[in-house]
Amino acid sequence: MNEEKAVSQPNGHRSVGYATKFDQKAESFQAKAEKHGKGKKKDDGAQPAGGFDDTAIPRAPPGFNVKFTFHRASKLPMADINTMSSDPYVLATLTTSLPPRHKQDPPMTFRTPTVRRNCDPIWNSEWIVANVPANGFALKARIYDEDPADHDDRLGNVHVYVDSLTNKFGGIRDQSYKIKKRMGSKRAYLIRGCAAMFNRGVHMSGELFISVEVLGKTDTDNGGRLWTVGPCNWSQHLSPMVGRLAGTKEPGKDGKTEKYAFQANQIQLAGPVPASLYHRYVEFRPFVKGMFTSTSLRGRVLHHALHHQHNRIYNYDRDTIYGSLPSPSRDMTFQFLDLVHHDKGGRIYTYVLTLDGIWRFTETGKEFGIDLLSKHTMHSDVNIYIAFSGEFFIRRLKTPHKEGSPDDQPTHPPSDMGDGPPQDEPPKDPAYYSLIIDNDSGTYRPNAKLLPQLKEFLQKNLPGIKIVTLDCNGDKEKMDKWKNEQRERKKAEGKHTAVVQGDSSSLSSSDEEDLDQQEGLAKGEGTRSTKDKVKEKVKEPLQKVENIRKGDREREERETEDDMAESSQ
Numbered sequence: 001m002n003e004e005k006a007v008s009q010p011n012g013h014r015s016v017g018y019a020t021k022f023d024q025k026a027e028s029f030q031a032k033a034e035k036h037g038k039g040k041k042k043d044d045g046a047q048p049a050g051g052f053d054d055t056a057i058p059r060a061p062p063g064f065n066v067k068f069t070f071h072r073a074s075k076l077p078m079a080d081i082n083t084m085s086s087d088p089y090v091l092a093t094l095t096t097s098l099p100p101r102h103k104q105d106p107p108m109t110f111r112t113p114t115v116r117r118n119c120d121p122i123w124n125s126e127w128i129v130a131n132v133p134a135n136g137f138a139l140k141a142r143i144y145d146e147d148p149a150d151h152d153d154r155l156g157n158v159h160v161y162v163d164s165l166t167n168k169f170g171g172i173r174d175q176s177y178k179i180k181k182r183m184g185s186k187r188a189y190l191i192r193g194c195a196a197m198f199n200r201g202v203h204m205s206g207e208l209f210i211s212v213e214v215l216g217k218t219d220t221d222n223g224g225r226l227w228t229v230g231p232c233n234w235s236q237h238l239s240p241m242v243g244r245l246a247g248t249k250e251p252g253k254d255g256k257t258e259k260y261a262f263q264a265n266q267i268q269l270a271g272p273v274p275a276s277l278y279h280r281y282v283e284f285r286p287f288v289k290g291m292f293t294s295t296s297l298r299g300r301v302l303h304h305a306l307h308h309q310h311n312r313i314y315n316y317d318r319d320t321i322y323g324s325l326p327s328p329s330r331d332m333t334f335q336f337l338d339l340v341h342h343d344k345g346g347r348i349y350t351y352v353l354t355l356d357g358i359w360r361f362t363e364t365g366k367e368f369g370i371d372l373l374s375k376h377t378m379h380s381d382v383n384i385y386i387a388f389s390g391e392f393f394i395r396r397l398k399t400p401h402k403e404g405s406p407d408d409q410p411t412h413p414p415s416d417m418g419d420g421p422p423q424d425e426p427p428k429d430p431a432y433y434s435l436i437i438d439n440d441s442g443t444y445r446p447n448a449k450l451l452p453q454l455k456e457f458l459q460k461n462l463p464g465i466k467i468v469t470l471d472c473n474g475d476k477e478k479m480d481k482w483k484n485e486q487r488e489r490k491k492a493e494g495k496h497t498a499v500v501q502g503d504s505s506s507l508s509s510s511d512e513e514d515l516d517q518q519e520g521l522a523k524g525e526g527t528r529s530t531k532d533k534v535k536e537k538v539k540e541p542l543q544k545v546e547n548i549r550k551g552d553r554e555r556e557e558r559e560t561e562d563d564m565a566e567s568s569q
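For the sequence shown, the residue numbers in the UniProt record's numbering are 1 to 569.
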């Protein structure tokens, strides 16, 4: 009764009533906490759950190296009514009887390049996987039509089952498999059906041609996990929605606001990734677990938003550049240096290394206002477990390095270059470059003791380049010094950038205001703490999925139903 009177008092006394109620509630909660033994202060030294995981790989006999080849497809439906064709690619998933370390470990997947405007595409894409067990495998190949402006339509599925593997396995030679249309795009098959009505030469059922070959026993002591042997495929994703990594600008319609092309890169490194490189996300905030496991309403929204963000950053479209190398070599090191622009621009990159050796990285920095809770979460596609994560950058050495050369060798060009970038082209010899890589990731917090294993793995995949590892805690002073030098070099070369997320077709006035604000942050005119950014994003998670199209949800629901139906068979 007293509480009701306090609330109904005039404005001058309302705050007193609220304060009284608050004190009463606080005393009540404190009494309950003490009663149940929860009133004790938490141990300041306690670390949040997550980070390095020492779970061992289950023991199993060595398996076989198996090469899968996706040759071509024929008689695919026309998913694009404007061009009366499709832009098909294959997304394959390999499953075996080998138990994972944790059920949340991501599956083994492979994606072919996209063939443009072709209903009879030819890929001839190879995928070599190690440790496929003797009791066989199940390969599921989904065929999609790439449509970056909308959502990728599934054109059908193909399943390949092999229940036994030996060195004498005859293999599968360019065999055709009928494409199952049950979960395919209704729009695509409607167009195909209309065409078949007027042309007897048009068939409703397409085919996918696949080869499977056993290359021999895998040279390993423990056959408890799969990994990709090769080839070392790479791709470069240029997105006009964010950034100016390649140094290219596109003026807006008003001639004042500039739009940029953000560059995201991924390289398939040759496995195996060292077994000790195994890290889980860190529960540094209460909402983080729900975000990764998608178990709460807020967690599902954030998980969906970050998964959508990953697909936007690593978006496949007509501007995507593909490449492939058979195995690690100096050519692969040259390609890596090209992707990171050698030492131009004083760039610093955020990276994630997946359990199957896919290395994803983009440029990072305060001036990159990417709408994310965590860049590492985005790079990992919200995967619970990864191998390693952090940041890296490239330093050019004044003279080619030699074994045992000091890590702090002077760089060239020198830090003081005046205004604008250097005029001379960087040397092409990898010996002139040093890859400085660390474990600076608050999302996964990799164990610094594993940096030598990371260095050894990268050295095998990038021969010729010098690799230096830094502990973000133990080597903090040196790391901060070198990164500050990178930032100063970027300023000296005139690389101020500001980016926004959005469609490339237009920029609203609010987008331009965001650009101006972020440009000010890049020049040191203001700062926002990470804590403030996290609070803002957690309070308004629905804003992160405003642009997710209805088609995305329908496609995911169809594919989920398809997978459930197949698992029940």
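Here a beta-carbon is modelled for each residue, glycine too, at the ideal position from N, C-alpha and C.
- When DSSP states are grouped into helix, strand and coil, E493 belongs to the coil group.
- With 16 or more other Cβ atoms inside 10 Å of its own Cβ, Y281 counts as buried.
- In this structure, DSSP gives L190 a helical state, which the three-state scheme calls helix.
- Looking from the CA of C232, the closest CA among D153, G464 and F110 belongs to F110.
- Annotation: T364 is outside any alpha helix (DSSP H); the continuous beta strand (DSSP E) that includes it extends over I358 to T364.
- The alpha-carbon separation between A92 and K140 amounts to approximately 6 Å.
- The shortest C-alpha to C-alpha distance from E207 to any of L451, E363, V90 and W482 is the one to V90.
- Going by beta carbons, E363 and D440 fall outside the 7 Å limit.
- At the C-beta level, M108 and L226 come within 7 Å of one another.
- In this chain, N447 is not harboured by any beta strand (DSSP E), its DSSP state being neither H nor E.
- In the structure shown, the three-state DSSP call for K344 is helix.
- For the pair L454 and Y322, the Cα-to-Cα distance works out to about 26 Å.
- Proximity to A275 across D54, P48, A49 and G50 peaks at D54, based on C-alpha coordinates.
- With contacts defined as CB atoms closer than 7 Å, I394 and V352 fail to qualify as a contacting pair.
- Here N233 carries a strand assignment [DSSP, helix/strand/coil].
- Collapsing the DSSP output to three states places T228 in a strand.
- For the pair F70 and I210, the Cα-to-Cα distance works out to about 5 Å.
- Nearest to G346 by alpha-carbon distance, out of Y161, Q486 and P58, is Q486.
- Following the DSSP letters along the chain, one finds N311 in no beta strand (DSSP E) but inside the alpha helix (DSSP H) bounded by residues L297 to I313.
- For the pair A387 and N473, the Cα-to-Cα distance works out to about 19 Å.
- For Q104, there is no enclosing alpha helix (DSSP H), as DSSP marks it with neither H nor E.
- Nearest Cα to V214 within the set M183, G136, S324 and Q268: G136.
- A387 carries a coil assignment under DSSP once its states are collapsed to helix, strand and coil.
- In chain order, N65, T218, W227 and V229 place their CB closer than 6 Å to the CB of A130, counting only its own chain and leaving out the 5 sequence neighbours on each side.
- At a cut-off of 3 residues, the continuous stretches assigned as beta strand (DSSP E) that sit fully inside the UniProt domain "C2" (47–177) are 64–74, 88–95, 108–111, 122–132, 137–145 and 153–162.
- The C-alpha of F334 is placed about 14 Å away from the C-alpha of P326.
- Distance check between P88 and each of A492, K491 and P148 places P148 closest, using alpha-carbon atoms only.
- With fewer than 16 other beta carbons inside 10 angstroms of its own, M84 counts as exposed.
- For P133, the closest C-alpha among the options F262, K428 and L94 is that of L94.
- Between the alpha carbons of L470 and F457 lies a gap of roughly 15 Å.
- With a beta-carbon spacing of about 6 Å, D343 and P426 fall inside the 8 Å limit used to define contacts.
- In its chain, beyond the 5 residues on either side, H279, R280, V282, Y444, R445, P446 and N447 have a beta carbon closer than 8 Å to the beta carbon of G51.
- In this structure, R360 sits away from H376, with a CB-CB distance that is not shorter than 7 Å.
- Residue burial annotation: H304 is buried, with at least 16 other C-beta atoms found within 10 angstroms of its C-beta.
- Each of L190, D174 and Q175 was checked against the Cα of K181, and the nearest Cα belongs to L190.
- For T218, no alpha helix (DSSP H) encloses it, and the DSSP letter there is neither H nor E.
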